[in-house]
Amino acid sequence: MFYRRYRHSISNMERAGHITGGLNGSAKCVTLVTVETLNNKDQSQSLSFPNDKPRKKKKKKSTSKHRKSLSEVITVPHGSMLRDTSSLSDSDVKKKEDSKVKKLPNILSPGRLEELATPPPRQLSLPVHLVMKSNEKKKKLPLLAAIKPENEKSEKERFMRANFNYNPYFVYRGCVDDDVMDKFRDPSDKYIPHAILIMEKAISYFGTYETFEEVTGGRILSKSQIYSLVKKYLKNEELEDEVTLNLSEDMLSRGSMTRSKGKAMLNVRCVNLRECWAEGLLRHELGTHYLRSCNTRYQPWHSWRVRRDLGMGPINPTEEGLASLHSVLFRDRPYLWRAALLYYTTFMASRLSFKELFMDIEKFVYNPNVRWDYCLRAKRGQEDTSRPGCFCKDQVYLDGALQLLKRRRVLDFHLLVRLGKISYEDVDRECVTEIAQLENTRIPWFMNDLTIYRRQLDHIAYTNGLTDDVLSSAE
Numbered sequence: 001m002f003y004r005r006y007r008h009s010i011s012n013m014e015r016a017g018h019i020t021g022g023l024n025g026s027a028k029c030v031t032l033v034t035v036e037t038l039n040n041k042d043q044s045q046s047l048s049f050p051n052d053k054p055r056k057k058k059k060k061k062s063t064s065k066h067r068k069s070l071s072e073v074i075t076v077p078h079g080s081m082l083r084d085t086s087s088l089s090d091s092d093v094k095k096k097e098d099s100k101v102k103k104l105p106n107i108l109s110p111g112r113l114e115e116l117a118t119p120p121p122r123q124l125s126l127p128v129h130l131v132m133k134s135n136e137k138k139k140k141l142p143l144l145a146a147i148k149p150e151n152e153k154s155e156k157e158r159f160m161r162a163n164f165n166y167n168p169y170f171v172y173r174g175c176v177d178d179d180v181m182d183k184f185r186d187p188s189d190k191y192i193p194h195a196i197l198i199m200e201k202a203i204s205y206f207g208t209y210e211t212f213e214e215v216t217g218g219r220i221l222s223k224s225q226i227y228s229l230v231k232k233y234l235k236n237e238e239l240e241d242e243v244t245l246n247l248s249e250d251m252l253s254r255g256s257m258t259r260s261k262g263k264a265m266l267n268v269r270c271v272n273l274r275e276c277w278a279e280g281l282l283r284h285e286l287g288t289h290y291l292r293s294c295n296t297r298y299q300p301w302h303s304w305r306v307r308r309d310l311g312m313g314p315i316n317p318t319e320e321g322l323a324s325l326h327s328v329l330f331r332d333r334p335y336l337w338r339a340a341l342l343y344y345t346t347f348m349a350s351r352l353s354f355k356e357l358f359m360d361i362e363k364f365v366y367n368p369n370v371r372w373d374y375c376l377r378a379k380r381g382q383e384d385t386s387r388p389g390c391f392c393k394d395q396v397y398l399d400g401a402l403q404l405l406k407r408r409r410v411l412d413f414h415l416l417v418r419l420g421k422i423s424y425e426d427v428d429r430e431c432v433t434e435i436a437q438l439e440n441t442r443i444p445w446f447m448n449d450l451t452i453y454r455r456q457l458d459h460i461a462y463t464n465g466l467t468d469d470v471l472s473s474a475e
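All residue numbers for the sequence shown refer to UniProt numbering, where the first residue is 1 and numbers rise by one.
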C-alpha cells in the first residue's frame with residue numbers, strides 16, 4: 001500500500017515537472033528499500049493498514065465491437081438468431097419484409113362478425129366486500145335467500161351498457177346443498193302450450209305487454225300509499241296485531257312472508273308497485289300463505305313425521321297455484337300472465353344462456369327492466385350464466401293453477417284452506433279429514449261466499465282460454 005502511494009506521488013511530481021532527467025540516488029534507494037519490504041511477506045503484513053480496502057477495478061463497457069447498422073440486420077421469428085443480410089438478395093429481403101405483414105380477409109364470415117362483436121372474456125374483478133376470504137365459509141341460509149345474487153345491481157348495469165350482449169356472472173354469500181338444488185334443475189315442458197296460449201290471449205287483447213301492465217296494474221303507488229293499503233287489508237282480516245310490514249327495494253319477488261323475532265313479517269318490494277297488483281299481492285301472501293300457515297298449526301300434520309306417516313303429498317304446486325289464482329281474483333281481465341311467463345322463461349333458461357334468454361322473451365315483453373327480472377329469477381343460483389341452466393321452482397305457479405281450475409267445480413276450497421298447507425289430493429282422504437281440527441281455523445274474507453268465489457274462478461278460466469278440453473291434460 002505504501003509502495004503504491006509512493007509511486008503515485010512520484011508520478012504526480014514527474015507530470016508537474018518537479019523531477020526531470022530521471023530519479024536521483026536517494027529516490028532510487030527508497031524505491032529499492034520499499035520493493036524489498038513488499039517482497040518480504042512478514043514485513044508487508046506489518047506495513048498494511050487495517051482500514052484500507054482494495055479498490056475494485058471498474059470494468060469498461062465494450063464499445064462498438066462488431067457493430068452493424070440497423071439496415072444490415074433484420075428481425076427474424078422468435079427463437080431464431082440474427083443474421084447478416086449481405087448474403088441475401090434484394091428479392092429475398094423483400095419477401096422477408098412482406099411475410100411480417102398480416103393481411104386481413106376481404107370478407108368476414110357471420111361467425112367471425114359475431115365473435116368480434118362479443119366483448120372479450122374478462123378476469124373476474126369483484127368489489128372488495130364481495131371477495132370471499134380464504135378462511136371465510138359461506139353461511140347456510142334459507143334457499144331463496146341463499147340464491148339471491150350479491151352483485152345483482154352491478155351486473156345489471158354492465159349488462160345494459162353492453163347492449164344486452166353479455167352474460168352476467170353472479171356471486172352468492174350463502175351456500176345450498178347440491179341435493180336441494182338438484183330438485184330444481186329439471187324443468188318440465190308439459191304446460192308450455194298452455195303458457196303460450198295465455199300470453200297470446202293477453203297480447204291479442206291489449207296489443208303489448210306494456211299496455212297490459214298499465215291497464216290491469218293501475219297507478220304506481222308511493223311508499224306511504226303502500227303502507228296505507230296494507231294496513232287497511234290487515235284490518236279487514238283482523239291481522240293488525242299479528243303481522244308487521246317491511247318495505248324493501250332489493251327483493252327479487254314482489255312479496256314474501258318471513259318471521260322476525262317470532263312474529264310474521266310481510267316483505268313488499270316497493271319499486272314500481274301498481275295498485276291492482278298490490279291488492280293481488282295481499283291476497284296472495286296474507287290471504288293464502290299466511291292464513292294457511294296459521295291453520296296448519298292446529299293440525300296433527302304440523303309435524304313432518306305425522307305427514308310422512310299419513311303419506312300426504314307435497315305442499316306445492318297446490319300452495320302456489322291457489323295463491324296465483326287469488327292474485328288475479330276480482331280483476332276485469334284476470335290473465336295469468338305472470339305465472340305463464342315464469343313457466344315459459346324457466347323452461348327456456350334450461351336451454352339458453354342469459355343473453356339468449358333475454359332476447360327470446362322479447363316477443364312477449366319489450367321493456368328491458370321487466371325482461372331482466374324474469375331472466376334473473378330463472379337463472380338465480382347459477383354463477384356463470386353463459387351456460388344453460390335454470391331454477392325451476394317458478395313453474396309451480398302455473399302448474400298448480402291449472403290443476404285447481406280443472407277441479408274448480410268439485411273441490412271444497414273452504415276445506416282446502418282450513419286444513420292448512422296440504423295438497424288438493426289430500427282434501428278428500430278419510431285418514432286426513434277424520435283427525436282434522438277445524439276449530440279456530442280461518443278463511444280469508446274474499447272466500448266467505450263460495451258461490452261468488454267459484455264464479456270468479458270460471459271467469460279466470462274463460463279469460464285465459466282454458467276450456468275443459470285444454471284443462472283435461474292438467475294432472
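For glycine and all other residues, C-beta sits at the position ideal for the given N, C-alpha and C.
Only a predicted model underlies this, so the values are computations on that prediction, with no experimental measurement involved.
Backbone secondary structure at residue i - three-state DSSP
i: residue 450; result: helix
i: residue 280; result: helix
i: residue 443; result: coil
i: residue 226; result: helix
i: residue 267; result: strand
i: residue 344; result: helix
i: residue 465; result: coil
i: residue 245; result: strand
i: residue 256; result: strand
i: residue 321; result: helix
i: residue 274; result: strand
i: residue 290; result: helix
i: residue 196; result: helix
i: residue 315; result: coil
i: residue 435; result: coil
i: residue 191; result: coil
i: residue 174; result: strand
i: residue 203; result: helix
i: residue 166; result: coil
i: residue 460; result: helix
i: residue 361; result: helix
i: residue 20; result: For residue 20, the pLDDT reaches just 42, beneath the cut-off of 50, and the residue's location in the model is therefore unreliable, leaving the point undetermined.
Between the CA atoms of residue j and residue i - distance to the nearest angstrom
i: residue 214; j: residue 376; result: 23 Å
i: residue 181; j: residue 442; result: 34 Å
i: residue 346; j: residue 284; result: 21 Å
i: residue 342; j: residue 374; result: 7 Å
i: residue 432; j: residue 310; result: 8 Å
i: residue 461; j: residue 263; result: 37 Å
i: residue 475; j: residue 288; result: 22 Å
i: residue 79; j: residue 184; result: At residue 79, the pLDDT of 44 sits below 50, so the modelled position is not reliable and the matter cannot be decided from this model.
i: residue 314; j: residue 417; result: 15 Å
i: residue 466; j: residue 397; result: 15 Å
i: residue 438; j: residue 323; result: 21 Å
i: residue 187; j: residue 394; result: 10 Å
i: residue 298; j: residue 450; result: 23 Å
i: residue 339; j: residue 227; result: 26 Å
i: residue 414; j: residue 379; result: 36 Å
i: residue 253; j: residue 434; result: 38 Å
i: residue 404; j: residue 161; result: 43 Å
i: residue 457; j: residue 447; result: 11 Å
i: residue 473; j: residue 428; result: 21 Å
i: residue 176; j: residue 156; result: 24 Å
Outcome for residue i when other beta-carbon atoms lying within 10 angstroms are tallied against a minimum of 16
i: residue 327; result: buried
i: residue 163; result: exposed
i: residue 390; result: buried
i: residue 317; result: buried
i: residue 392; result: buried
i: residue 282; result: buried
i: residue 463; result: buried
i: residue 303; result: exposed
i: residue 256; result: buried
i: residue 468; result: exposed
Whole-angstrom C-beta distance between residue j and residue i, which should lie under 8 Å
i: residue 333; j: residue 205; result: 7 Å
i: residue 364; j: residue 251; result: Contact flag wrong, Cβ pair sits at about 23 Å.
i: residue 444; j: residue 237; result: 7 Å
i: residue 471; j: residue 411; result: About 13 Å separates the two Cβ atoms, so there is no contact after all.
i: residue 166; j: residue 159; result: 5 Å
i: residue 420; j: residue 292; result: 6 Å
Proximity test, residue i beta-carbon vs the ligand SAH heavy atom, cut-off 7 Å
i: residue 339; result: Absence of the ligand SAH from the depicted structure is noted, as is the absence of any ligand whatsoever, leaving it without description.
In chain order, what are the residue ranges of uninterrupted alpha helix (DSSP H) at least 4 long that sit wholly in the stretch 385-431?
Fully enclosed alpha helix (DSSP H) runs of 4 or longer: 396-406, 413-418.
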